[in-house]
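Asks: Residue numbering for the sequence shown follows the working numbering, beginning at 67 and increasing consecutively.
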Amino acid sequence: MDFSLSKKQHELLQTVRELAEQKIKPYARSKDFSLDTEFDWHLVRILAEHNLVCPTIPEEFGGLGLDTITTALLMEEIAAACPGLAAVVDANLHAVGPIMIAGSQRQKEQWLPRLTGAKACLAAFALTEPSGGSDLDSMITLAKKTRRGFVINGRKDYILNAPQAELICLFAMTDKLQKKSSMRCFIVSRETLGVKIERLRDIAALDYARMAEIVFDKAEIDSGSILKADESYSGYLLLNETFDTGRVLVGATSVGIARAAYELAAEHASNRIQFGRTINKHQAVSHALVDMAAKIEMARLMTWKACWLIDKGHDHTVASAMAKLTASAIAQEVTAAAADILGARAVEKGSFLEELLRDARVLSTLEGTNNIQRNIIASLLY
Ligand SMILES: Cc1cc2nc3c(=O)[nH]c(=O)nc-3n(C[C@H](O)[C@H](O)[C@H](O)COP(=O)(O)OP(=O)(O)OC[C@H]3O[C@@H](n4cnc5c(N)ncnc54)[C@H](O)[C@@H]3O)c2cc1C
């Protein structure tokens, strides 16, 4: 294995590191992103200026065409500066995943360029429902075939980017009796009549990102909106393929969050004096910092390995689920350990560590809970 970066990767990483440290983090730390305010496009526009709103989109459709490992390197930097912005990008990457895997040339030309360039829009990935999170057989959103296309009824909840997204990557069943085995993927314009943002979800995490419930009330879409019109095509397999590649980026986001917490703790420990010396000279604190650094390295290496397998076209389902499972757990452990080192300062509302603690908490739930990752690994491991 070769861990060295190419010249292009190195330059890109440098650019994103500078953006993250000099523009994204200072702006994010100075702003109130509560629901009382309008969504703030400023951070998205910073990335858009460098075509980084959805960097995996191939060059022929206006994107940077980055592979998974390079995208993971960038996601770590973005997450270390502003986890909410990383979540916005992650939702975009997830929403275009099915188009890149199963879209026709026409569908790719229609949708992908919209997420590229300085005016890039946002996209949402709509799977979860009030009745069905982990259990997809309890999904009730139905896309009923008509002569001109499909009519959709149902609702999707806890959808990142939903209030701002121009395009929605929707998973719905097409036959009530066949449930998830009849699932198909549709690309729906937010402007479609009958598509409504019912309510914003006010979540205590990923502060910059917005999340909402989407209602589909007799929403009519044309037949060109379905990915792979062939009736034998499995939307469920497409979903799994999308998750298999997408969830490594939750691994990268987790590494970024853990790294930011470690950096805060290391800096504090080298300045805070107790009992006549800086607290990093107390062995218990220095060992805690070492354990944090070692865990972050483990999460990063597992994420990179899964990315490497994806980019080489090797089987990556187990590696990808293990990377997400481990990295998200490590993000929780490292943020909690950092909170111990910062003492009372850690719980100060609005402090960066208080934010990172809340962000780390949700990583084990999104893109398939960690129990679901364990189920996936168990089904393939033995
Ligand atoms: C920050 C955030 C962002 C999100 N963004 C999106 C998005 O953009 N698009 C989208 O579609 N969804 C999104 N979601 C929803 C997310 O995908 C679901 O929350 C997740 O799939 C779990 O569903 P649930 O919350 O209904 O929990 P449930 O499925 O009800 O699970 C509750 C608990 O039971 C456990 N459990 C359930 N079944 C099993 C089982 N068979 N074996 C073992 N344990 C089990 C789970 O692991 C969990 O601990 C987001 C969620 C969060 C928190």
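For each residue, glycine too, the CB sits at the ideal point set by N, CA and C.
Just list the beta strand (DSSP E) runs in the segment 257-312, keeping only unbroken ones of 3 residues or longer that don't cross its boundaries, in chain order.
Replies: 261-266 and 277-288
Asks: Cα separation between residue 332 and residue 71?
Replies: 27 Å
Asks: Where does residue 406 fall in DSSP's three states?
Replies: helix
Asks: Could you check the C-alpha separation between residue 401 and residue 202 for me, to the nearest Å?
Replies: 32 Å
Asks: Is any non-hydrogen atom of ligand 1 found closer than 7 Å to the C-beta of residue 394, if you look at the structure I gave you?
Replies: no
Asks: Strictly by DSSP, which residues pair up with residue 227?
Replies: DSSP, once it has assigned bridges, lists no residue as partnering residue 227.
Asks: Considering only heavy atoms of ligand 1, does any lie closer than 7 Å to the CB of residue 401?
Replies: no
Asks: By how many angstroms is the C-alpha of residue 343 removed from the C-alpha of residue 125?
Replies: 54 Å
Asks: Hey, could you find the ends of the beta strand (DSSP E) residue 208 is sitting in?
Replies: 208-211
Asks: Of the residues 114, 105 and 141, which one's Cα is nearest the Cα of residue 227?
Replies: 105
Asks: Kindly list the residues whose CB is nearer than 7 Å to the CB of residue 413, restricted to its own chain and excluding five residues on each side of it in sequence; keep chain order.
Replies: 420
Asks: Flag this pair as yes or no: are the beta carbons of residue 237 and residue 260 separated by less than 8 Å?
Replies: With contacts defined by Cβ atoms closer than 8 Å, residue 237 and residue 260 do not form a contacting pair.
Asks: For the putative contact between residue 119 and residue 186, defined by C-beta atoms under 8 Å, what is the C-beta separation to the nearest angstrom?
Replies: For residue 119 against residue 186, the beta-carbon gap comes to about 4 Å, under 8 Å, which counts as contact.
Asks: Please tell me whether, using a cut-off of 7 Å, the distance from the CB of residue 428 to the nearest non-hydrogen atom of ligand 1 is below it.
Replies: yes
Asks: Kindly list the residues whose CB is nearer than 6 Å to the CB of residue 354, restricted to its own chain and excluding five residues on each side of it in sequence; keep chain order.
Replies: 403
Asks: What residues in its chain sit with their C-beta under 7 Å from that of residue 373, if we drop five residues either side in the sequence?
Replies: 134, 135, 138 and 314
Asks: Could you check the C-alpha separation between residue 240 and residue 210 for me, to the nearest Å?
Replies: 6 Å
Asks: If we require 3 or more residues per run, which beta strand (DSSP E) segments fall completely within the segment 144-230?
Replies: 189-192, 208-211 and 215-226
Asks: Kindly list the residues whose CB is nearer than 7 Å to the CB of residue 86, restricted to its own chain and excluding five residues on each side of it in sequence; keep chain order.
Replies: 143, 144, 146 and 147
Asks: Quick one: is the Cβ of residue 284 within less than 7 Å of any heavy atom of ligand 1?
Replies: no
Asks: For residue 199, verify whether its CB is less than 7 Å away from any heavy atom of ligand 1.
Replies: yes
Asks: Name the residue from 214, 220, 94 and 408 whose alpha carbon lies nearest to the alpha carbon of residue 345.
Replies: Closest by alpha carbon: 408.
Asks: Between 381, 431, 405 and 411, which lies nearest to residue 393 when the distance is taken from Cα to Cα?
Replies: Nearest of 381, 431, 405 and 411 to residue 393, Cα basis: 431.
Asks: Quick one: is the Cβ of residue 435 within less than 7 Å of any heavy atom of ligand 1?
Replies: Yes, since a heavy atom of ligand 1 falls inside the 7 Å radius drawn around the Cβ of residue 435.
Asks: Return yes when at least one heavy atom of ligand 1 lies under 7 Å from the C-beta of residue 306, else no.
Replies: no
Asks: According to DSSP, is residue 339 helix, strand or coil?
Replies: strand
Asks: Which residue wins for smallest C-alpha separation from residue 320, given the options 194, 350, 232 and 388?
Replies: 388
Asks: Does the distance between the C-beta of residue 158 and the nearest non-hydrogen atom of ligand 1 fall short of 7 Å?
Replies: no
Asks: For residue 280, verify whether its CB is less than 7 Å away from any heavy atom of ligand 1.
Replies: no
Asks: How close, in whole Å, do the beta carbons of residue 225 and residue 278 come, if the pair is a contact with beta carbons under 8 Å?
Replies: 6 Å
Asks: Considering only DSSP beta bridges, list what residue 254 is partnered with.
Replies: 234
Asks: Is residue 253 close to ligand 1? I mean its beta-carbon at under 7 Å from any heavy atom of the ligand.
Replies: no
Asks: If I measure Cβ to Cβ from residue 83 and keep anything under 7 Å in the same chain, skipping five residues before and after, which residues do I get?
Replies: 143
Asks: Could you check the C-alpha separation between residue 80 and residue 213 for me, to the nearest Å?
Replies: 52 Å
Asks: Would you kindly check if the distance between the Cβ of residue 129 and the Cβ of residue 309 is under 8 Å?
Replies: no
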